[in-house]
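One structure below.
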Amino acid sequence: MNADALQQLLRRQDTWQGPGRKAAREERRHTGFPALDRLLWQGGWPNQGLVELLCPLPCPSLLHLLLPLLRRREDGARIIANPPARPSAAALKRAGLPLEQILVLQARERATLLRACLEAAASDTLDSLVLWAPGGALPTGTLRRLHMAAQQGRCLFLLVRPLRASKQPSPAPLRLLLDAGQPGELTVTIGKQPGGRHGQQCQLVVLPEHLRHPPPPCATMAARTRRPETATAPSLLALPAPTSEVRP
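All you need for our numbering is the position in the sequence shown, starting with 1, plus 54.
Have a look at this one:
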């Protein structure tokens, strides 16, 4: 088919056209890392639906990767579900997160946790939800329900899973493989994405220089003599002070 015939076909009233790359890029959220935005076909995180983050757990740098997303000044709550350690309210506030919009979700039972996340994602009240997957395999049917709930509620659902889960088929349109090398750095590999190639990589620095490298011994001794609030910045998931917490 030549170009003229193709254009005539596209102009017909009964020809359906899917959303193009331009439309997809309008439905995005910048990741806060230009190198990652360039790899993602949409130019950032999708606005809604399931995204899988596959990494060797607990992957301390992961939450730093998500900070630009979580601190967006948008309506809607953000849920941090089943984190490997209780988030520090003080550290999250220093990182610029709107604490009044942050909820931490914990549940003792796996089924209760998944049901709560499913209902929250579908509620149309969330901006985003980050879930550290509970132990055990997640059936494809469960993943599909999570994706559909996030689409229904217009919520970005980020599911953190162990790296071995990359061998399991998934309905998630976007899957990223994360590898923590040096402290405060992440290598991101595109495992799967709509409309684009997979296998591309980029290396991100998610922590500033002074937090990536330990201070010299003399500085460490000096820090020990300071008052606690003037010591080095804490990990986001290290301190016992909680954010608002919901227990289903």
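No residue lacks a Cβ here, since even glycine has one placed at the ideal position from N, Cα and C.
Shortest alpha-carbon distance to residue i belongs to which of the options?
i           : options               : result
residue 206 : 154, 175 and 258      : 175
residue 112 : 185, 249, 157 and 203 : 185
residue 180 : 194, 161 and 155      : 155
residue 125 : 203, 233, 139 and 86  : 86
residue 215 : 161, 201, 190 and 237 : 190
residue 209 : 192, 231, 219 and 172 : 172
residue 223 : 195, 204, 211 and 243 : 195
When DSSP labels each residue in this structure, what does residue i get in the three-state scheme?
i           : result
residue 273 : With a pLDDT of 42 at residue 273, under the threshold of 50, the predicted position of this residue should be treated as unreliable, though the coordinate-derived value follows. Note: residue 273 maps to helix in three-state DSSP.
residue 195 : helix
residue 182 : strand
residue 257 : strand
residue 88  : helix
residue 131 : strand
residue 125 : coil
residue 157 : strand
residue 231 : strand
residue 74  : Low per-residue confidence applies at residue 74: pLDDT is 45, beneath 50, and the placement is therefore not dependable, though the value from the model is reported in the following sentence. The answer is coil: DSSP assigns residue 74 none of H, G, I, E or B.
residue 208 : coil
residue 107 : strand
residue 146 : helix
residue 80  : Unreliable placement is indicated for residue 80, whose pLDDT of 48 sits below 50; the coordinate value is still reported in the next sentence. Residue 80 falls in the helix class under three-state DSSP.
residue 151 : coil
residue 140 : coil
residue 190 : coil
When you compare the CB positions of residue i and residue j, do they come within less than 8 Å of one another, or not?
i           : j           : result
residue 118 : residue 261 : yes
residue 249 : residue 95  : yes
residue 245 : residue 108 : yes
residue 121 : residue 149 : yes
residue 201 : residue 226 : yes
residue 247 : residue 228 : yes
Just the C-alpha distance for residue i and residue j, rounded to the nearest angstrom, thanks.
i           : j           : result
residue 235 : residue 241 : 7 Å
residue 168 : residue 198 : 12 Å
residue 151 : residue 157 : 11 Å
residue 178 : residue 213 : 18 Å
residue 258 : residue 123 : 15 Å
residue 182 : residue 166 : 19 Å
residue 230 : residue 243 : 6 Å
residue 134 : residue 221 : 25 Å
residue 139 : residue 110 : 16 Å
residue 193 : residue 187 : 12 Å
residue 254 : residue 115 : 20 Å
residue 219 : residue 232 : 12 Å
residue 252 : residue 204 : 23 Å
residue 256 : residue 153 : 30 Å
residue 97  : residue 137 : 27 Å
residue 211 : residue 164 : 17 Å
Would the segment 144-152 count as touching the segment 88-96 if we require 3 or more Cβ pairs under 8 Å? These segments do not touch.
contact_flag[the segment 95-108, the segment 128-136] where n(CB pairs < 8 Å) is 3 or more: no
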